[in-house]
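The structure appears below as structure tokens.
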Amino acid sequence: MTTEETEEALKQHALRFSDVIDEPLEFLAPISGYGKMPLVSLEEAVEPLVPILPDVQSHAYVAKQRCKKPADGLTQDESASIMLYTMEWKPREECLYVVLNSTLRASDRQEKLKLWYLYLRLFLNALFRLPPLTISAYRGLKKDMSKSYTEGQTIVWWGFSSCTTTVKVLNSKIFLGTTGERTMFTLQCRSARDIRKHSFFPSEEEVLLMAATQFKVIGYLNQNDLHIIQLEETCPPYPLLQPVPIIIPPKTNSILPVVPNIPVNARWVQNGVTVAGGYGAGHASNQLFWPEGLFFDDNQTMIIVDYGNDRIIQWKIDDINGKVIAGGRGQGNQLDQLNCPTDLLIDNETDSLIICDHGNRRVVRWLRRSGTTKGEILIDNIACRGLAMDDQKYLYISNDEKHEIRRYQIGDKDGTLTAGGNGRGASLNQLNSPTYVFVDRQHAVYVSDKENHRVMKWNKGAKEGIVVAGSQGNGNALTQLRLPMGLFVDTLGTIYVADSSNHRVMRWPQEAKQGTIIMGGNGQGEGANQFNYLRGLSFDRHGNLYVVDYYNHRVQRFAIE
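With the first letter of the sequence shown counted as 1, position 350 gets the number 351 in my numbering; the numbers rise by one all the way through.
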């Protein structure tokens, strides 16, 4: 390729960072319609686009070949769908990203968007599987846009927005340059996706903002011919981009719980349906006795820690009876017994259960294959209360005697201190009876700090934690928790916590100062809209919420509306 051809290609590429000029800056209908489409291969996803993008199949083929070893746990098709979005070809008006964003920005988009449904389903599944980043990013173009953005105004960019995380990229004459009328947008992002490992142009430090991202104009500054506009990403009260149920292939993420993308304003039916137990305390196959932890496997089967029966029970949705898969041979310390287990997780890679055998002060592993009658001890002499595992197969264990969280490699007996460990207390470097644990894809550890009535977040390598839910002590105000237990963090960083002694489930969006009651809060009881103390909670891939109702000896399902 000649120097002239290279420069022309870069100029075309630069347009993706500057196409903000094409945004209508008005409120359009929400983007939807693709949510129930199947997840298919990239080849199948682009086939409907051939009439409007004649060269898309050949570029999809190249993208697939370049993504044979995809990063971030994505599938080859998911990674290639992102790469295809970043690819450039001529004529520009037949480039995938150009036509897609033009369609998304059109007020009459709905019929035109139908051709894109299969691709959007795959593309969004890939993007939502990447962790949302809270970062500063930049866009720019060679034009004065300051008159179109008024301080205090709320605006929406309806197309997918390519941004860079370093200003020096924009300084290039190919992009923004250093002379003439120019506008630079400085963005405070809450949900950017780092796509560098999947981009056809990885050197531009590119992050991508979702379609229909909403901003507030914070201010602007004019410096001669350079106009700087400051935008802050905000959350609309209702979703402008239809979320998709995230599908995680078992082989690529076999050890992590399903983490659906849930709108921060989602609502659930307030009357729960009993899906396990509910026949009083007992040891029959249709009963539970003080259930604690809860985990979903890839087949949408519940695995329940039946604390009072010293067993682990498997329960398929809509079945009346469960099946004992570990313990259930009376309370004891033999390898075929459990003693007051509290939590568990599933490791599909080894097809096994890893269980907090709290009463025996040990962590044990039971193979799930048929005929298994006993477990093996992984870690002994530990007051294990809660469990989590990250994507590198490190095990995180809460110790409610030492008031700490430690991280272990399988086979490691000592572990590495990750949170707490400075004695019982309420300082930011302390915990007080930690229970449930959740680890996100950045390896930040969230922990229900029970006796401090708060949820703490410890970023990887941090010496102290951050209070992310409950900061006003024991109570039932929206700023308070009372003995928090079950814990779940979705892909948007929203925290869902079982507020046990308030008999309610709370939702705390990222950086929120107070929570919202999403179910319960109707007093202690056994009604369909009540709880009698709570323990674990979990979501299925569709966003339905499952709550362990401790003293009602049941698991309740709340369907997402």
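The beta carbon of each residue, even a glycine, is placed where N, CA and C say it ideally should be.
Here the structure is a predicted model, which is why all the values come from computation and not from measurement.
- prompt: Where does residue 561 fall in DSSP's three states?
  reply: strand
message: Only counting the same chain, and skipping five residues up and downstream in sequence, which positions put a Cβ closer than 6 Å to that of residue 46?
response: 119, 120, 123
query: Mind checking residue 72: buried by the 16 CB within 10 Å criterion, or exposed?
result: exposed
message: So, at 6 Å on beta carbons, what are the nonlocal neighbours of residue 255 in its own chain, with the 5 sequence-adjacent residues on each side left out?
response: Confidence at residue 255 is low in this model, with a pLDDT of 45, below 50, so its placement is unreliable and the value that follows should be read with caution. Closer than 6 Å at the Cβ level, and outside the excluded window around residue 255, lie 349, 350.
- request: Could you say which of 74, 495, 332 lies nearest to residue 447 if we only look at CA atoms?
  value: 495
query: Sorted by chain position, which residues of the same chain lie with C-beta nearer than 6 Å to residue 521's C-beta, five sequence neighbours on each side aside?
result: 504, 505, 506, 532
query: Can you find a C-beta in chain C that's less than 8 Å from the C-beta of residue 416?
result: No chain C is present in this structure, which holds just one protein chain.
message: Please report the distance separating the alpha-carbon of residue 35 from that of residue 268.
response: 20 Å
message: Along the chain, where does the alpha helix (DSSP H) containing residue 84 start, and where does it finish?
response: 77-87
query: Based on the DSSP output, what are the partners of residue 541 in its beta bridges?
result: According to DSSP, residue 541 bridges with nothing at all.
message: Do residue 440 and residue 391 count as a contact pair if the criterion is CB distance below 8 Å?
response: yes
- prompt: Taking residue 295 as the reference, which of 550, 140, 411 has the closest Cα?
  reply: 550
task: With DSSP collapsed to three states, give me the class of residue 465.
output: coil
message: Which same chain residues end up closer than 6 Å to residue 422 when comparing Cβ atoms and leaving out the 5 residues on each side of it in sequence?
response: 405
message: Please classify residue 65 as buried or exposed, where buried requires at least 16 neighbouring CB atoms within 10 angstroms.
response: buried
- request: In angstroms with no decimal places, state the Cα-to-Cα distance between residue 7 and residue 514.
  value: Unreliable placement is indicated for residue 7, whose pLDDT of 40 sits below 50; no coordinate value is reported for it.
query: Does the segment 179-195 come within contact of the segment 205-218, defined as at least 3 CB pairs closer than 8 Å?
result: yes
- request: Output the boundary residues of the alpha helix (DSSP H) element that contains residue 103.
  value: 97-105
Residues near residue 22 by beta carbon distance below 8 Å, same chain, minus five either side: 142, 144, 146
message: Using C-beta distances below 6 Å, list every residue in its chain close to residue 484, excluding the 5 sequence neighbours before and after it, in chain order.
response: 451, 501, 502
- request: Could you check if residue 370 is buried or exposed, using at least 16 other CB atoms within 10 Å of its CB as the buried criterion?
  value: exposed
message: Could you compute how far the alpha carbon of residue 552 sits from the alpha carbon of residue 159?
response: 48 Å
query: Considering only C-alpha positions, which residue in the set 442, 44, 86, 51 is nearest to residue 461?
result: 442
message: Assuming contact is defined by CB atoms lying nearer than 8 Å, are residue 152 and residue 98 in contact in what I supplied?
response: no
field: Bounding residues of the beta strand (DSSP E) (the contiguous stretch that carries residue 228)
entry: 227-235
- prompt: Are the segment 303-313 and the segment 339-349 in contact at 8 Å, needing three or more beta carbon pairs?
  reply: yes
query: Would the beta-carbon of residue 292 fall within 8 Å of that of residue 554?
result: yes
- prompt: So who's on the other strand from residue 136, going by DSSP bridges?
  reply: 190
Sequence-distant residues of its chain with Cβ nearer than 6 Å to residue 453 (five each side left out): 427, 433
task: Could you please give the first and the last residue of the uninterrupted beta strand (DSSP E) stretch that includes residue 547?
output: 546-550
message: Judging by CA-CA distance, which residue of 179, 400, 169, 161 is the nearest neighbour of residue 205?
response: 169
- prompt: If we call anything under 8 Å between Cβ atoms a contact, is residue 516 one with residue 479?
  reply: yes
query: Going by Cα to Cα distance, which pick from 385, 183, 509, 524 is closest to residue 402?
result: 385
task: Give the single residue among 16, 67, 237 whose Cα lies nearest to the Cα of residue 31.
output: 237
query: CA-CA distance, residue 304 and residue 297?
result: 6 Å
message: Taking the straight line between their C-alpha atoms, what separation do you get for residue 3 and residue 457?
response: The predicted position of residue 3 is uncertain, since its pLDDT is 41 and thus under 50; no value can be drawn from it.
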